[in-house]
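Peer 1: One structure follows; several queries about it will come next.
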Amino acid sequence: VEVSSGTRCSLILWFADSAAACKDKSRPWYERAAANGSVDALYNLAKSRRVDDPRGSLRGMREAAEAGHFMAQNDLAGMLIEGRGLPGAEPDEAGAERWLKESAGQGFYRAMVGLAVLWGDIGRHREIWGDMG
14 VEVSSGTRCS LILWFADSAA ACKDKSRPWY ERAAANGSVD ALYNLAKSRR
64 VDDPRGSLRG MREAAEAGHF MAQNDLAGML IEGRGLPGAE PDEAGAERWL
114 KESAGQGFYR AMVGLAVLWG DIGRHREIWG DMG
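Under my numbering, residue 146 is the last one in the sequence shown; the count climbs by one each step, no gaps.
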C-alpha cells in the first residue's frame, strides 16, 4: 500500500474464545486440537509458551519436532542453541545440529541457513563448502 501523505498505521487484532483466555493468555483451542493429535496446534501451543513456560514449550516443541513438523524442528534447534528450557540453560549444539538437519532435509531454508551458521561457528567449514583444495 502506497501512502502519498500522512502516516500509515497498522492494526493487529488477536481473537480468543473467551474473556478468561484473553486475561490469562491461555490457548484452549490449541490445547483441544493438540489433544486430538494436531501437530500444528502442538507447535503453536509450544510457541505461545516460550516466554512464560520455557520448559513446557521445549517439551511441546520436541514432541512436534519428533512428529516431523519442520518449523518445530527448526525452532527446537534455536531453543537448544540458546539453552532455553534446558536445566542450567546450557546450550546443546549437538541436539541443535540434529534438528536443523531434520528440518533442512525437508527443504526448510531457514534451517539450511541455521545449519551453515552453526557449522561455521564451530569450525566445520568443509561441511558447508566441501573440499575446496
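No residue lacks a Cβ here, since even glycine has one placed at the ideal position from N, Cα and C.
Note that the coordinates shown come from a computational prediction; the quantities given were computed from them, not determined experimentally.
On a Cα-Cα basis, can you pick out the residue from E79, Q86, S116, A107 that is closest to T134?
Peer 2: At residue 134 the sequence reads Asp, which differs from the Thr that was named. Selected option, being the one with the closest Cα: A107.
Peer 1: Identify, in the order they occur along the chain, each residue of the same chain with its Cβ nearer than 6 Å to the Cβ of S116, setting aside the five sequence neighbours on each side.
Peer 2: F83, Q86, N87, A124.
Peer 1: In chain order, what residues of the same chain lie with their CB nearer than 8 Å to the CB of L58, ignoring the 5 residues before and after it?
Peer 2: Cβ neighbours of L58 beyond the five flanking positions: R40, Y43, E44, A47, G73.
Peer 1: Pick out whichever of M92, S23, L26, S18 has its Cα sitting closest to the Cα of V64.
Peer 2: Comparing Cα positions, the closest option is M92.
Peer 1: Report the rounded CA-to-CA distance for G101 versus K38, giving the unit in angstroms.
Peer 2: Their Cα atoms are separated by approximately 27 Å.
Peer 1: For D37, name the three-state secondary structure that DSSP assigns.
Peer 2: Helix at D37.
Peer 1: Give me the Cα-Cα distance between G127 and L55, rounded to the nearest whole angstrom.
Peer 2: Distance between the alpha carbons of G127 and L55 is about 23 Å.
Peer 1: Around the C-beta of I25, are 16 or more other C-beta atoms found within 10 angstroms, so that it is buried, or is it exposed?
Peer 2: It is exposed - the Cβ of I25 has fewer than 16 other Cβ atoms within 10 Å.
Peer 1: Let me confirm a value: E15 is counted as buried when at least 16 other C-beta atoms fall within 10 Å, else exposed. Which label applies?
Peer 2: It counts as exposed.
Peer 1: Looking at C-alpha atoms only, which residue of W132, G50, G19 is the closest neighbour of R111?
Peer 2: Of W132, G50, G19, the residue nearest in Cα terms is W132.
Peer 1: Around the C-beta of A32, are 16 or more other C-beta atoms found within 10 angstroms, so that it is buried, or is it exposed?
Peer 2: Exposed, since its Cβ has fewer than 16 Cβ neighbours within 10 Å.
Peer 1: When you compare the CB positions of G81 and V52, do they come within less than 9 Å of one another, or not?
Peer 2: Yes; because the gap between Cβ atoms is below 9 Å, this pair is in contact.
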